[in-house]
Amino acid sequence: MGALDHFADLFDCSGGSSRLKRRKQLQTVEVKVKLDCEGCERRVRRAVEGMKGVQQVDIDRKSSKVTVVGYVEPSKVIGRISHRTGKRAELWPYVPYDEVDHPYAQGVYDRKAPAGYVRYSQDPRQNQLARASSTEVRYTTAFSEENPNACAVM
1 MGALDHFADL FDCSGGSSRL KRRKQLQTVE VKVKLDCEGC ERRVRRAVEG MKGVQQVDID
61 RKSSKVTVVG YVEPSKVIGR ISHRTGKRAE LWPYVPYDEV DHPYAQGVYD RKAPAGYVRY
121 SQDPRQNQLA RASSTEVRYT TAFSEENPNA CAVM
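In case it helps, the UniProt record's numbering puts the sequence shown at residues 1 to 154.
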């Protein structure tokens, strides 16, 4: 920053605030909304397309997923859908099955999840498997090559 820039900042007479406005980032917002029919789909699409900054709206009725691409905030998209349609909306709580270490662990597996997805949890206690009991450890290490007392069948 040069001396002229420093003086220009000191003697700024623009009258507005000196902090710069940040532009919103282009992002993809995925929302879970229960969609029963084409009318529900149409109402959700109209509610979201009317927002400022929305570039694209994709709706998958089978998995109840609405994908919005644009310069929008997730909380505003959810609020707009809830207010305009009267439907309960939440951020998409599922991740692909392959991204989770233990997809059938308690708190991660969800029967209501679409095919190929499991529930995503921020809580690290739910994402990890429970500690194995001593009985389970004995059975899993019975045929281990590191165990000198293992079965000789191997």
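For every residue, glycine included, the Cβ atom is placed at its ideal position computed from N, Cα and C.
Treat the numbers as computed from the prediction; the structure is a model and nothing was measured.
N- and C-terminal bounds of the beta strand (DSSP E) containing residue i
{"i": "residue 70", "result": "65-70"}
{"i": "residue 58", "result": "54-60"}
{"i": "residue 96", "result": "94-96"}
Backbone secondary structure at residue i - three-state DSSP
{"i": "residue 76", "result": "helix"}
{"i": "residue 8", "result": "helix"}
{"i": "residue 84", "result": "helix"}
{"i": "residue 115", "result": "coil"}
{"i": "residue 132", "result": "Note that residue 132 has pLDDT 47, beneath the 50 cutoff, so the model's placement of it is unreliable and the number below is only indicative. In the structure shown, residue 132 sits in coil (DSSP, three-state: anything other than H, G, I, E or B)."}
Delimiting residues of the alpha helix (DSSP H) encompassing residue i
{"i": "residue 38", "result": "38-49"}
Residue i burial status per 10 Å Cβ neighbour count (16 or more: buried)
{"i": "residue 10", "result": "exposed"}
{"i": "residue 35", "result": "buried"}
{"i": "residue 117", "result": "buried"}
{"i": "residue 80", "result": "buried"}
{"i": "residue 32", "result": "buried"}
{"i": "residue 133", "result": "Because residue 133 carries a pLDDT of 49, less than 50, the predicted location of this residue cannot be relied on, and no value is offered for it."}
{"i": "residue 115", "result": "exposed"}
Opposing strand residues paired with residue i [DSSP bridges]
{"i": "residue 34", "result": "DSSP lists no partner for residue 34."}
{"i": "residue 91", "result": "31"}
Cα-Cα separation, residue i to residue j
{"i": "residue 28", "j": "residue 71", "result": "9 Å"}
{"i": "residue 113", "j": "residue 91", "result": "13 Å"}
{"i": "residue 47", "j": "residue 4", "result": "49 Å"}
{"i": "residue 38", "j": "residue 66", "result": "14 Å"}
{"i": "residue 49", "j": "residue 110", "result": "31 Å"}
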